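Numbering (the UniProt record's numbering), first residue to last: 1 to 100.
Ideal Cβ placement from N, Cα and C applies to all residues, glycine included.
If you're wondering where the values come from, they're calculated on a predicted model, not measured in any experiment.
Below: the structure, in structure tokens.
Now the structure itself:
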């Protein structure tokens with residue numbers, strides 16, 4: 001079985017997207033939240049992780065957002081090389097295989 005991870009920042013972005021796209025459908029919000037929290041390990045950011053992420057953001061000239069930089073740093077820390085994402089910000093970054 002795969003071990004999936006998500007940062008709390010990406011979880012927040014996901015729930016915000018559900019709120020926006022599904023017209024504040026509270027049942028859908030709860031279903032998405034319950035699915036993610038039961039299937040994923042949530043990684044919470046700390047000051048050191050945020051600092052490394054800011055450095056990554058600067059290194060790539062802010063061509064993506066802080067949430068993506070946090071994901072890159074978590075992946076490096078945990079030796080993860082594949083990411084599922086709906087955007088192409090991870091293409092050709094840090095030995096990451098972008099699964100889309």
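| query | Are the beta-carbon atoms of residue 7 and residue 54 separated by less than 8 Å? | reply | Indexing the chain shown from 1 puts residue 7 at position 7. Indexing the chain shown from 1 puts residue 54 at position 54. It is not a contact, given that the beta carbons lie outside the stated cut-off.
- Length of the line joining the Cα atoms of residue 24 and residue 18: Numbered from 1 along the chain shown, position 24 holds the residue referred to as residue 24. Numbered from 1 along the chain shown, position 18 holds the residue referred to as residue 18. Roughly 7 Å between the two C-alpha positions.
request  = Please state whether DSSP places residue 45 in a helix, a strand or coil.
outcome  = Locating residue 45 in the chain shown gives position 45, counting from the first residue. If DSSP states are grouped into helix, strand and coil, residue 45 belongs with coil.
| request: Using beta-carbon positions only, say whether residue 67 and residue 13 come within less than 8 Å of one another. | output: Here residue 67 refers to the residue found at position 67 of the chain shown. Here residue 13 refers to the residue found at position 13 of the chain shown. Yes, these two residues count as a Cβ contact at 8 Å.
> If we ignore side chains and look at the alpha-carbon of each, how far apart do residue 16 and residue 34 end up?
Replying inline: In the chain shown, counting from the first residue as 1, residue 16 sits at position 16. In the chain shown, counting from the first residue as 1, residue 34 sits at position 34. Rounded to the nearest angstrom, the two C-alpha atoms are 15 Å apart.
Practice task
Below 8 Å CB to CB, which residues in the same chain sit around residue 51 once its five sequence neighbours on both sides are set aside?
Solution key: If you number the chain shown from 1, residue 51 lands on position 51. Around residue 51: no qualifying Cβ.
Would you check if the distance between the CB atom of residue 9 and the CB atom of residue 45 is smaller than 8 Å? Position 9 of the chain shown, counted from the start, is the residue given in the question as residue 9. Position 45 of the chain shown, counted from the start, is the residue given in the question as residue 45. Yes, the Cβ-Cβ distance between residue 9 and residue 45 is below 8 Å.
Q.
Need the endpoints of the beta strand (DSSP E) that residue 4 sits in, please.
A. Within the chain shown, residue 4 is the residue found at index 4, counting from 1. 4-7 is the extent of the beta strand (DSSP E) around residue 4.
Quiz item: To the nearest whole angstrom, what separates the beta carbons of residue 72 and residue 56, a pair I think is in contact under 8 Å?
Solution: As a working note, residue 72 is residue 72 in the chain shown. As a working note, residue 56 is residue 56 in the chain shown. That belief holds up - the Cβ atoms of residue 72 and residue 56 are roughly 6 Å apart, short of 8 Å.
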